[in-house]
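Following my numbering, the numbering of the sequence shown begins with 2 at its first residue and continues without gaps.
In this text, a Cβ means the ideal position worked out from N, Cα and C, and glycines have one as well.
Below is one structure; the comments refer to it alone.
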Amino acid sequence: MKLPSSAHTSRPWRIHEIAGDFQLEDVWALPTPGGPDDLARLVAQFAQGPAQTSGISAPAYRILFAVRWKLGALLGWDKPGDGVGGRVRSLRERLPADLAEGPQGPDLQALPFTSVYQTHDEWAAEMGNKTVHGIMHIGWVPDGRGGHRGQMAVLVKPNGLLGLVYMAAIKPFRYLGVYPALVKAIGRQWQENAAARDAA
Numbered sequence: 002m003k004l005p006s007s008a009h010t011s012r013p014w015r016i017h018e019i020a021g022d023f024q025l026e027d028v029w030a031l032p033t034p035g036g037p038d039d040l041a042r043l044v045a046q047f048a049q050g051p052a053q054t055s056g057i058s059a060p061a062y063r064i065l066f067a068v069r070w071k072l073g074a075l076l077g078w079d080k081p082g083d084g085v086g087g088r089v090r091s092l093r094e095r096l097p098a099d100l101a102e103g104p105q106g107p108d109l110q111a112l113p114f115t116s117v118y119q120t121h122d123e124w125a126a127e128m129g130n131k132t133v134h135g136i137m138h139i140g141w142v143p144d145g146r147g148g149h150r151g152q153m154a155v156l157v158k159p160n161g162l163l164g165l166v167y168m169a170a171i172k173p174f175r176y177l178g179v180y181p182a183l184v185k186a187i188g189r190q191w192q193e194n195a196a197a198r199d200a201a
């Protein structure tokens, strides 16, 4: 499910003109098959948070992120003054007029991300702490089989040496635990939401 960087960089996303000073860390295909206009459903799912009925994936999702936030609290990484609007300025201040006047998108309940902008085929949300200023970018792309699906890119701006060391230290955990569990949870919740819509 991990994709090459070109899967993100080759597309004409608006995020490129806003976050040119951020590093692209990862690109992941999301198991969220749908039609050309379904990004809004995926964004709403992110805002809702992990479903309680998602079997193993939702508890794993919550546990992994709970461990991260607890560690951040112990080491003082996530103080309010170190986040967006404190240590780092919000990317909303960089938006061109058409994006600034358009839909911002929802903030997340389960993760400390705030929306930056939302269009028909992309959504960006940001977070900040003492280690990094990060962006979660969700695009909606053709799947090569006549349908569409989500694509998640993670972009970061490390905060000096601390940020670089932090990103290097968590890399194995991101690849072995965090992202596989997150992608699985997203896909299972998408299927459950689709089943609920079909049954309604």
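Per DSSP, which residues does residue i bridge with? Please list them.
i, result
"Pro159", "Val133"
"Lys172", "Bridge partners of Lys172: none, in fact."
"Trp124", "Gln119 and Ile139"
"Val85", "Val89"
Name the two residues that bound the continuous alpha helix (DSSP H) containing residue i.
i, result
"Tyr180", "Tyr180 to Ala200"
"Val28", "Taken as a continuous stretch (DSSP letters only), Val28 belongs to no alpha helix (DSSP H), being part of the beta strand (DSSP E) at Gln24 to Ala30."
"Arg42", "Leu40 to Gln49"
"Ser7", "Ser7 to Thr10"
To the nearest whole angstrom, what separates the beta carbons of residue i and residue j, a pair I think is in contact under 8 Å?
i, j, result
"Pro85", "Glu127", "First, the residue type needs correcting, since residue 85 is Val and not Pro in the sequence shown. About 6 Å; that satisfies the 8 Å criterion."
"Leu184", "Leu31", "This sequence places Val at residue 184; Leu is not what is there. About 6 Å; that satisfies the 8 Å criterion."
"Lys172", "Asp22", "Lys172 to Asp22, Cβ: 21 Å. No contact."
"Gln20", "Leu92", "Reading off the sequence shown, one finds Ala at residue 20, where the question assumed Gln. Rounded, the Cβ-Cβ distance is 6 Å, consistent with contact."
"Gln119", "Val28", "Not a contact, Cβ separation roughly 19 Å."
"Gly50", "Gly148", "Their Cβ separation, rounded to whole angstroms, is 26 Å, which puts Gly50 and Gly148 out of contact at 8 Å."
"Ile187", "Thr33", "7 Å"
"Thr132", "Tyr167", "4 Å"
"Ala195", "Pro107", "That belief does not hold up - the Cβ atoms of Ala195 and Pro107 are roughly 20 Å apart, past 8 Å."
Within the continuous beta strand (DSSP E) that includes residue i, where are the two ends?
i, result
"Thr115", "Thr115 to Gln119"
Three-state secondary structure (DSSP) at residue i?
i, result
"Gln105", "coil"
"Ser55", "Any reading at Ser55 must be qualified, since the residue scores a pLDDT of 39, below 50, and its modelled position is unreliable; the value itself is stated next. Note: Ser55 maps to coil in three-state DSSP."
"Arg95", "helix"
"Ala20", "coil"
"Arg150", "strand"
"Gly35", "strand"
"Tyr62", "Annotation note: pLDDT 49 at Tyr62 (below 50); position unreliable, coordinate value reported separately. Residue state, collapsed to three classes: helix."
Touching by the beta-carbon criterion (3+ pairs, under 8 Å), the stretch 14-25 and the stretch 93-113
Output reads yes: the stretch 93-113 touches the stretch 14-25.
Hey, is the stretch 118-138 in contact with the stretch 24-40, meaning 3+ C-beta pairs nearer than 8 Å?
Taking 8 Å as the limit for Cβ pairs, the verdict is that the stretch 24-40 does touch the stretch 118-138.
Meets three-Cβ-pair contact criterion under 8 Å: the stretch 128-135 and the stretch 111-120
Counting C-beta pairs closer than 8 Å gives three or more between the stretch 128-135 and the stretch 111-120, which meets the contact rule.
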